[in-house]
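Participant:
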Amino acid sequence: LLSKLQVREVTLQHDRASWPKMREQFAKTFKTKTRDEWCKVFEGSDACFAPVLSWSEARRHPQSMLRNSYVTVAGVEQPAPAPRFSRTPAKLRGAPPERGEGGAQALADWGFDSDEVKQLRSLGLGIKE
Numbered sequence: 145l146l147s148k149l150q151v152r153e154v155t156l157q158h159d160r161a162s163w164p165k166m167r168e169q170f171a172k173t174f175k176t177k178t179r180d181e182w183c184k185v186f187e188g189s190d191a192c193f194a195p196v197l198s199w200s201e202a203r204r205h206p207q208s209m210l211r212n213s214y215v216t217v218a219g220v221e222q223p224a225p226a227p228r229f230s231r232t233p234a235k236l237r238g239a240p241p242e243r244g245e246g247g248a249q250a251l252a253d254w255g256f257d258s259d260e261v262k263q264l265r266s267l268g269l270g271i272k273e
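Residue numbers for the sequence shown follow the working numbering, beginning at 145 and rising by one.
Next up, the structure:
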């Protein structure tokens with residue numbers, strides 16, 4: 145990791161007092177390249193890294209496709225069940241709820257009263273019954 149980052153000044157990683165300086169140094173270094181540029185730097189190395197991907201990018205990432213990490217159920221593409229067991233494969237029962245569907249009940253379950261739910265609805269949060 146350090147060689148790929150071209151970090152020359154190495155502080156002791158187990159010395160918690162040095163962590164703020166280390167964090168600052170890493171942040172400064174990571175700001176020098178785009179995500180895709182860093183991927184090119186780290187690909188093929190033994191450094192443990194992964195890019196932060198958007199939903200669309202994650203679905204189409206080669207590793208996700210290789211592992212069949214996404215499935216389509218009732219016309220909705222979604223993450224496949226995990227973990228996967230060979231003797232008891234998991235199955236999805238159906239498509240996930242629509243945005244906001246069941247929201248009022250979830251809020252009630254979390255202790256929100258009907259007036260609070262109405263107030264949240266008035267904010268345009270898409271909360272459905």
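Yeah, the Cβ is synthetic: ideal placement off N, Cα and C, and Gly gets one too.
Leaving out the 5 sequence neighbours to the left and right, which residues in its chain are closer than 8 angstroms to T173 when beta-carbon positions are compared?
Facilitator: Reading the sequence shown from its first residue, position 29 is the one you call residue 173. For T173, where only same-chain residues beyond five positions count, the Cβ hits under 8 angstroms are L149, Q150 and V151.
Participant: Quick check on the burial criterion: 16 or more other C-beta atoms within 10 angstroms. Buried or exposed for G247?
Facilitator: The residue given as residue 247 occupies position 103 in the sequence shown. Looking at its Cβ environment, which holds 16 or more other Cβ atoms inside 10 Å, G247 is buried.
Participant: Taking R203 and E221 to be in contact with their CB atoms under 8 angstroms, please state how far apart those CB atoms are, rounded to whole angstroms.
Facilitator: Translated into the one-based positions of the sequence shown, residue 203 becomes position 59. Translated into the one-based positions of the sequence shown, residue 221 becomes position 77. The Cβ separation is near 6 angstroms, so the contact holds.
Participant: Can you give me the Cβ contacts of C183 inside the same chain, cut-off strictly under 6 angstroms, excluding the 5 residues immediately before and after it?
Facilitator: Position 39 of the sequence shown, counting from 1, holds the residue named residue 183. So the qualifying residues of the chain are P195.
Participant: So, with DSSP's three-state summary, where would you put T173?
Facilitator: Sequence index remark: in the sequence shown, residue 173 carries index 29 (1-based). Three-state result, T173: helix.
Participant: Comparing C-alpha positions only, which one of Q157, N212 and D180 sits nearest to Q169?
Facilitator: The residue given as residue 169 occupies position 25 in the sequence shown. Looking at the Cα atoms, Q157 is the closest of the given residues.
Participant: Whose CA, out of V261, S147, P241 and E242, lies closest to the CA of C192?
Facilitator: By one-based count along the sequence shown, residue 192 stands at place 48. The residue with the shortest Cα to Cα distance from C192 is S147.
Participant: Put P227 into one of helix, strand or coil per three-state DSSP.
Facilitator: As a first step, residue 227 is located in the sequence shown; it is residue number 83 there, counting from the start. It is coil, neither helix nor strand.
Participant: Kindly list the residues whose CB is nearer than 7 angstroms to the CB of A224, restricted to its own chain and excluding five residues on each side of it in sequence; keep chain order.
Facilitator: The residue labelled residue 224 in the question sits at position 80 within the sequence shown. So the list reads N212, S213, Y214 and V215, once near-sequence residues are dropped.
Participant: DSSP three-state call for Q222: helix, strand or coil?
Facilitator: The sequence position of residue 222 within the sequence shown is 78, counting from 1. Here Q222 sits in strand by DSSP.
Participant: Just how far apart, CA to CA, sit S189 and P240?
Facilitator: The residue given as residue 189 occupies position 45 in the sequence shown. The residue given as residue 240 occupies position 96 in the sequence shown. Approximately 38 angstroms, taken between the alpha carbons.
Participant: Indicate the three-state DSSP secondary structure (helix, strand or coil) for V185 in the structure shown.
Facilitator: Walking along the sequence shown from the start, residue 185 turns up at place 41. In this structure, V185 counts as helix in the three-state DSSP scheme.
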